[in-house]
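Q:
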Amino acid sequence: MNRLVAFGEILTDSWNSHKLTLISVAPTASEPYDGVDTGVRSRHLFTKPKMSVMTMATIIPPELEAFVEREVASGKFRSRDEAISEGLRLLKEREEKLDLLRNDIQAGLDQLDHGQAISINDAAEHRKFFDDIQRRGLERLAAKKNVP
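Residue numbers (the working numbering): 151 to 298.
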């Protein structure tokens with residue numbers, strides 16, 4: 151039977167054979183909430199926050215729940231909250247990097263649309279192009295060294 155754990159109550163529920171778990175997402179680890187005992191191993195999900203936190207209910211597949219449990223059991227994280235928060239932080243970081251990459255790609259496409267491209271047709275032009283980049287880079291380094 152599946153369990154829905156909600157603020158100290160254990161409710162049984164079955165919905166498409168998914169396990170329902172209430173989790174709280176906190177930016178940092180927090181202390182166990184005094185006096186709350188749900189009677190299940192996930193009781194540490196209910197926490198007294200050290201700072202403002204958002205609590206949300208979500209459905210996670212059993213394999214992800216098992217992964218979170220293994221990560222916590224291994225000592226990498228102090229709680230499910232901490233493990234899930236780290237996963238969300240990494241997802242946010244990845245999305246931010248993808249946005250920057252998309253912006254850079256769009257800037258390059260815009261430059262192509264405005265004729266701001268260099269055509270390199272053979273090995274000699276290729277060598278000349280990169281030699282010029284190297285020369286300008288060395289000039290910049292030399293100028294930085296001479297700045298008081």
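Every residue, glycine too, gets a C-beta built ideally from N, C-alpha and C.
(1) Note down the Cα distance separating Ser-224 from Met-204, rounded to an integer number of angstroms.
(2) Is the distance from the Cβ of Ala-207 to the Cβ of Val-222 below 8 Å?
(3) Per DSSP, which one or two residues make a beta bridge with Ile-283?
(4) Please check if any C-beta of chain B sits within less than 8 Å of the C-beta of Asp-249.
(5) With H, G and I counted as helix, E and B as strand and the rest as coil, what does DSSP make of Ala-267?
(6) Could you check how far apart the C-beta atoms of Arg-230 and Val-218 are, in whole angstroms? I think they sit under 8 Å.
(7) Measure the alpha-carbon distance for Ala-292 versus Ala-257 and round it to whole angstroms.
(8) In whole angstroms, what is the alpha-carbon distance linking Gln-261 and Asn-296?
(9) Is Ser-224 helix, strand or coil by DSSP?
A: Let me spell this out:
(1) 26 Å
(2) no
(3) Secondary-structure assignment with DSSP links Ile-283 through no beta bridge to anything.
(4) Given the protein chain composition of this structure (a single chain), no chain B is represented.
(5) coil
(6) 5 Å
(7) Each residue's alpha carbon lies about 30 Å from the other.
(8) If you take the alpha carbons of Gln-261 and Asn-296, they lie about 34 Å apart.
(9) The answer is coil: DSSP assigns Ser-224 none of H, G, I, E or B.
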